[in-house]
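Inspection log for the structure reproduced underneath, given as structure tokens.
2 protein chains.
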Amino acid sequence: MAGSESSIYKSCLVFSLTANLFFGVNLYVGRRAAWKRSSDEVDTRGSLSWSGRAAAEAESAAAEECSGHGRAYLDGMVVDGRPVCECNTCYGGPDCSLFLPSCSANADGGDPLFLEPFWKQHAESSAVVVAGWHRMSYSFSDYTFLSRELESLLRKLHSQVGNAVTDGKHIVFGVGSAQLLNAAVHALSPDNSSHPASVVASIPYYQLYQMQTEFFDSAGCSFQGDAARWKNATNTTGDIIEFVTAPNNPDGLLNEAVLHGPNVKTIYDRAYYWPHFTGIPSPVDEDLSIFTISKLTGHAGSRFGWALIRDEDVYQRMNWYVQVNTMGVSRDTQLRALKLLKVLIEDGGREIFEFGYKMMTKRWDRLRKTMSVTNRFSLQKIPPENCTFFQKVREPTPAYAWVKCEREEDRNCIEILNAAKILGRGGSVFHDDERYVRLSLIRSDDDFDDLISRLERLASGEDGAKTI
Amino acid sequence: MAGSESSIYKSCLVFSLTANLFFGVNLYVGRRAAWKRSSDEVDTRGSLSWSGRAAAEAESAAAEECSGHGRAYLDGMVVDGRPVCECNTCYGGPDCSLFLPSCSANADGGDPLFLEPFWKQHAESSAVVVAGWHRMSYSFSDYTFLSRELESLLRKLHSQVGNAVTDGKHIVFGVGSAQLLNAAVHALSPDNSSHPASVVASIPYYQLYQMQTEFFDSAGCSFQGDAARWKNATNTTGDIIEFVTAPNNPDGLLNEAVLHGPNVKTIYDRAYYWPHFTGIPSPVDEDLSIFTISKLTGHAGSRFGWALIRDEDVYQRMNWYVQVNTMGVSRDTQLRALKLLKVLIEDGGREIFEFGYKMMTKRWDRLRKTMSVTNRFSLQKIPPENCTFFQKVREPTPAYAWVKCEREEDRNCIEILNAAKILGRGGSVFHDDERYVRLSLIRSDDDFDDLISRLERLASGEDGAKTI
Chain A
1 MAGSESSIYK SCLVFSLTAN LFFGVNLYVG RRAAWKRSSD EVDTRGSLSW
51 SGRAAAEAES AAAEECSGHG RAYLDGMVVD GRPVCECNTC YGGPDCSLFL
101 PSCSANADGG DPLFLEPFWK QHAESSAVVV AGWHRMSYSF SDYTFLSREL
151 ESLLRKLHSQ VGNAVTDGKH IVFGVGSAQL LNAAVHALSP DNSSHPASVV
201 ASIPYYQLYQ MQTEFFDSAG CSFQGDAARW KNATNTTGDI IEFVTAPNNP
251 DGLLNEAVLH GPNVKTIYDR AYYWPHFTGI PSPVDEDLSI FTISKLTGHA
301 GSRFGWALIR DEDVYQRMNW YVQVNTMGVS RDTQLRALKL LKVLIEDGGR
351 EIFEFGYKMM TKRWDRLRKT MSVTNRFSLQ KIPPENCTFF QKVREPTPAY
401 AWVKCEREED RNCIEILNAA KILGRGGSVF HDDERYVRLS LIRSDDDFDD
451 LISRLERLAS GEDGAKTI
Chain B
1 MAGSESSIYK SCLVFSLTAN LFFGVNLYVG RRAAWKRSSD EVDTRGSLSW
51 SGRAAAEAES AAAEECSGHG RAYLDGMVVD GRPVCECNTC YGGPDCSLFL
101 PSCSANADGG DPLFLEPFWK QHAESSAVVV AGWHRMSYSF SDYTFLSREL
151 ESLLRKLHSQ VGNAVTDGKH IVFGVGSAQL LNAAVHALSP DNSSHPASVV
201 ASIPYYQLYQ MQTEFFDSAG CSFQGDAARW KNATNTTGDI IEFVTAPNNP
251 DGLLNEAVLH GPNVKTIYDR AYYWPHFTGI PSPVDEDLSI FTISKLTGHA
301 GSRFGWALIR DEDVYQRMNW YVQVNTMGVS RDTQLRALKL LKVLIEDGGR
351 EIFEFGYKMM TKRWDRLRKT MSVTNRFSLQ KIPPENCTFF QKVREPTPAY
401 AWVKCEREED RNCIEILNAA KILGRGGSVF HDDERYVRLS LIRSDDDFDD
451 LISRLERLAS GEDGAKTI
């Protein structure tokens with residue numbers, strides 16, 4: 001009995017010791033893991049106090065999947081305590097999973113969402129936390145409206161990319177390049193309105209130039225249409241202000257100034273002069289060049305642009321325009337632009353431009369293939385360009401396709417495309433022939449996929465229209 | 001032996017079981033605690049992934065003490081990996097602990113830093129995290145440039161405060177009220193410039209009205225000075241646009257329109273119509289009123305304003321102005337304004353307005369006491385007003401003191417104050433007599449303390465000037 005009792009105790013002890021070992025190891029390992037976890041957290045969230053709630057809110061909004069066809073934003077409509085999904089063009093339903101088959105593909109506006117996946121991949125380095133008391137003043141501590149840190153980052157970026165010389169240039173920030181375009185026209189116009197300046201651009205041109213000049217209706221200038229018409233007008237009484245857009249919106253050509261002379265002043269719109277879209281043959285070194293993050297990082301909604309200006313007086317006048325107009329650019333926007341550009345600066349822009357260039361190349365390949373089955377439409381032709389950034393000669397991959405309807409009877413090209421359920425922007429918007437249509441290639445993947453699928457049907461004649 | 005062996009086993013087993021119990025309980029409790037901890041953290045930082053680093057960066061910048069006489073910002077200059085302190089006006093040194101005794105007190109600009117401590121007290125609820133891919137598009141999903149959530153919050157706020165009727169009104173956002181002032185002038189001016197509108201305001205008036213109208217030099221309007229001069233001008237050929245600022249900048253009076261009639265259009269600048277500064281006798285119900293967060297929450301640097309507009313056509317024209325000028329207001333700013341206003345909405349604005357009113361009352365008491373020892377200077381007199389928000393009759397506490405130099409020989413008052421090391425804004429800036437000076441009372445505590453101390457010396461004659 002005693003032996004059997006002893007052996008029962010023995011077995012129980014062995015079991016109990018094993019259990020102890022199990023518990024002990026578990027406890028030790030668990031505690032180590034917990035400690036390790038918390039010490040890892042020191043760097044990132046160990047000491048968080050007031051910012052944790054905002055961070056959790058943002059992550060919660062970002063965690064809404066929306067089936068990959070939309071996104072929930074922190075400031076979107078809230079239903080049942082959750083921000084609702086905002087769906088891509090042809091998707092619907094509470095989680096954007098519903099494809100709307102009769103919907104038109106949107107290739108109209110220049111929404112640069114092709115870069116959205118890049119920022120989702122760089123969520124950590126691009127996030128920014130704005131404290132409730134962040135920069136409440138009208139001005140920075142040097143009494144300007146402009147962050148010197150951001151200014152120096154912009155100079156560094158241009159030098160890394162090699163697309164603009166910033167030495168000897170002043171910098172003015174604007175609420176998007178939109179504000180700077182008119183600030184530049186205003187700064188280059190005479191004070192004395194007896195000889196107003198004539199504002200011109202080469203057809204096809206971005207409509208905002210004309211729209212702004214006509215709408216604001218300043219006594220110092222007036223819009224006078226096509227630059228080419230002024231080529232031989234030597235005896236003009238006033239100054240001429242020429243807009244040069246390079247790469248051009250809509251057709252992507254690396255335009256050059258048409259007009260030259262002592263009474264000609266040139267505004268270079270360089271919104272698209274980045275390696276996503278074009279070769280960078282050399283850094284530009286112009287009297288007045290305007291840039292924006294809209295087509296560089298894709299943050300059109302942030303409204304941030306900047307101008308490089310050689311002349312001190314023109315700089316002062318543009319600066320004054322922005323001051324009287326809006327008292328500078330939002331400090332919240334400047335903070336965010338700084339954070340985004342830091343991501344670019346870190347590797348000299350290599351990653352974002354490779355991402356953008358690859359994406360645009362793929363899209364152009366698909367578009368060309370789709371269009372190759374028909375002679376009904378043609379695409380603009382742009383010669384290959386040397387790119388000092390990628391150190392190779394490359395095919396340009398402009399932001400927009402400039403499509404021409406080639407059939408005699410297809411005089412109004414946008415009507416043809418609209419009938420085939422494709423939204424674009426007709427040639428007349430750019431003061432050009434209605435045979436042309438601008439199709440945006442920089443929108444979301446969904447928008448581009450829809451576009452290709454609509455174009456395929458149109459090109460193959462499936463939509464009912466006969467192709468050549 | 002067997003018994004003794006058995007009893008040893010028995011003792012060991014008891015010990016082992018006790019150990020098991022200990023380990024088991026420990027493990028269970030530990031895990032529960034860990035689970036509890038993590039479930040508590042779900043609300044604040046449990047699931048943080050990509051936002052933790054940004055949050056830690058922001059908290060680290062905010063943790064710089066700067067001796068209570070400055071602040072370090074996330075986007076400030078960085079030295080040795082830490083953002084440097086930006087000191088208040090009369091402070092210097094790396095940690096802002098150095099008082100600069102010969103420095104002039106700054107009571108010039110209207111920087112609304114008196115509200116900064118409020119936001120530091122509400123750090124958690126007012127912080128906002130902006131994801132790298134937040135609202136990259138040009139427009140919201142309803143194709144507007146304006147957040148509907150923010151619009152509805154503004155309507156709610158006006159209704160809670162009781163300072164404006166928003167039913168039947170359209171809302172346009174602007175890059176600060178600055179942009180909206182000119183957008184309103186433009187919208188109310190005729191398209192046909194053969195009869196340009198005359199823009200007027202009552203002296204003393206905010207200089208930006210004149211500055212904008214003259215600088216943008218639109219063919220549709222021109223600035224024509226004092227409204228009073230137009231009172232009896234019945235046979236004017238064009239329209240008249242009158243700016244009415246209530247409470248007025250600089251003197252705080254609740255101005256009313258001077259001009260009336262079928263050809264008169266009125267723009268009400270309501271930047272200061274909040275319970276910090278004035279009684280709210282009743283909600284205004286005007287054709288066109290302009291507001292801003294600059295003097296409401298104190299976020300002048302964010303550049304966010306809005307207009308309440310009755311007429312559909314005027315609304316469309318102002319909306320178009322903002323669109324052509326800047327393509328709307330930064331989405332980053334709209335997100336932040338939403339977060340800040342949510343803090344106000346939560347308790348109907350009670351806390352912020354009590355904070356602001358108390359602060360302004362204290363400052364006015366100190367100012368009056370300081371000025372009471374001399375007859376050399378006088379302050380504007382504003383009658384007590386009924387305040388429906390605080391439900392009492394109260395003394396107004398305007399944002400600015402409108403100081404008059406009473407001595408015959410003190411014709412240029414700002415010169416007198418500058419000599420006493422006080423920066424303010426001379427009467428001529430507001431098109432008024434140089435006997436007046438505007439002193440800002442809404443700046444930081446340091447600026448206000450410096451002002452009082454300089455005024456004390458001036459009033460008591462210690463600065464060398466003889467007082468009456």
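Order-wise, the sequence lines are chains A and B. Residue 30 in UniProt numbering sits at position 30 of the first sequence; the count goes up by one each step and never skips. Residue 190 in UniProt numbering sits at position 190 of the second sequence; the count goes up by one each step and never skips. We put the beta carbon where it would ideally sit given N, CA and C, even for glycine.
Segment limits, beta strand (DSSP E) that includes residue i
i: residue 269 of chain B; result: 264 to 269
i: residue 133 of chain A; result: From DSSP, residue 133 of chain A is part of no beta strand (DSSP E); its letter is neither H nor E.
i: residue 393 of chain B; result: 392 to 394
i: residue 385 of chain B; result: 385 to 387
Proximal chain B residues relative to residue i, where beta-carbon distance stays under 7 Å
i: residue 86 of chain A; result: 141
i: residue 48 of chain A; result: 45, 55, 56, 59
i: residue 403 of chain A; result: In chain order: nothing, as chain B lies at least about 22 Å away.
i: residue 199 of chain A; result: Residues of chain B passing the Cβ test: none, with the nearest at roughly 15 Å.
i: residue 299 of chain A; result: 136
Distance cut-off 6 Å: residue i Cβ against heavy atoms of the ligand PLP
i: residue 382 of chain B; result: Only the bare structure without any ligand can be found here, which leaves the ligand PLP out of the picture.
Residue span of the alpha helix (DSSP H) that contains residue i, given as start and end
i: residue 322 of chain B; result: 312 to 326
i: residue 241 of chain A; result: No alpha helix (DSSP H) contains residue 241 of chain A, which is instead part of the beta strand (DSSP E) from 240 to 245.
i: residue 209 of chain A; result: 207 to 216
i: residue 185 of chain B; result: 176 to 188
i: residue 152 of chain A; result: 148 to 161
i: residue 402 of chain A; result: Residue 402 of chain A -> not in any alpha helix (DSSP H); beta strand (DSSP E) instead, spanning 400 to 405.
i: residue 436 of chain A; result: Unbroken run through residue 436 of chain A is the beta strand (DSSP E), 436 to 440; no alpha helix (DSSP H).
i: residue 248 of chain B; result: Unbroken run through residue 248 of chain B: none, as it is neither H nor E.
Beta-carbon neighbours of residue i, restricted to chain A and to distances below 8 Å
i: residue 77 of chain B; result: 148, 149
i: residue 112 of chain B; result: 136
i: residue 334 of chain B; result: 75
Proximity test, Cβ basis, 7 Å: residue i and chain B
i: residue 364 of chain A; result: no
i: residue 450 of chain A; result: no
i: residue 338 of chain A; result: yes
i: residue 124 of chain A; result: yes
i: residue 215 of chain A; result: yes
i: residue 409 of chain A; result: no
i: residue 178 of chain A; result: yes
i: residue 129 of chain A; result: yes
i: residue 444 of chain A; result: no
Identity of the residues DSSP links to residue i by a beta bridge
i: residue 223 of chain B; result: B:199
i: residue 308 of chain B; result: B:171, B:289
i: residue 472 of chain B; result: Lying before the first or after the last residue shown, residue 472 of chain B is absent from chain B, which here runs from 1 to 468.
i: residue 87 of chain A; result: A:70
Under 9 Å by beta carbon: chain B residues contacting residue i
i: residue 315 of chain A; result: The premise fails here: residue 315 of chain A is roughly 16 Å from chain B at the closest Cβ pair, so nothing lies under 9 Å.
i: residue 348 of chain A; result: In chain order: nothing, as chain B lies at least about 19 Å away.
i: residue 224 of chain A; result: The contacting residues do not exist; residue 224 of chain A stays about 16 Å from chain B at best.
Cβ of residue i within 7 Å of any chain A Cβ
i: residue 359 of chain B; result: no
i: residue 292 of chain B; result: no
i: residue 327 of chain B; result: yes
i: residue 369 of chain B; result: no
i: residue 258 of chain B; result: no
Amino acids of chain A, ordered along the chain, whose beta-carbon sits closer than 9 Å to that of residue i
i: residue 211 of chain B; result: 324
i: residue 378 of chain B; result: Neighbours of residue 378 of chain B on chain A: none; closest Cβ ~29 Å, over 9 Å.
i: residue 228 of chain B; result: The premise fails here: residue 228 of chain B is roughly 25 Å from chain A at the closest Cβ pair, so nothing lies under 9 Å.
Interface residues of chain A facing residue i [CB-CB closer than 7 Å]
i: residue 243 of chain B; result: Ordered by position in chain A, no residue passes the 7 Å Cβ test against residue 243 of chain B, which lies about 15 Å from the chain.
i: residue 120 of chain B; result: 133
i: residue 286 of chain B; result: Correct list: empty, because the minimum Cβ distance to chain A is about 23 Å.
Three Cβ pairs or more, each shorter than 8 Å: is that satisfied between the stretch 215 to 224 of chain B and the stretch 360 to 367 of chain B? With contact defined as three or more Cβ pairs closer than 8 Å, the stretch 215 to 224 of chain B and the stretch 360 to 367 of chain B are not in contact.
Inter-stretch contact at 8 Å, needing at least 3 Cβ pairs: the stretch 374 to 383 of chain B / the stretch 405 to 422 of chain B: In short, these stretches touch, since the Cβ pair count reaches three.
Any chance the stretch 108 to 119 of chain B sits against the stretch 434 to 447 of chain B, with 3 or more Cβ pairs inside 8 Å? The stretch 108 to 119 of chain B makes contact with the stretch 434 to 447 of chain B: 3 or more CB pairs, one atom from each, lie closer than 8 Å.
Taking contact to mean 3 or more Cβ pairs, one atom from each stretch, closer than 8 Å, check whether the stretch 264 to 281 of chain A and the stretch 82 to 92 of chain A are in contact. Taking 8 Å as the limit for Cβ pairs, the verdict is that the stretch 82 to 92 of chain A does not touch the stretch 264 to 281 of chain A.
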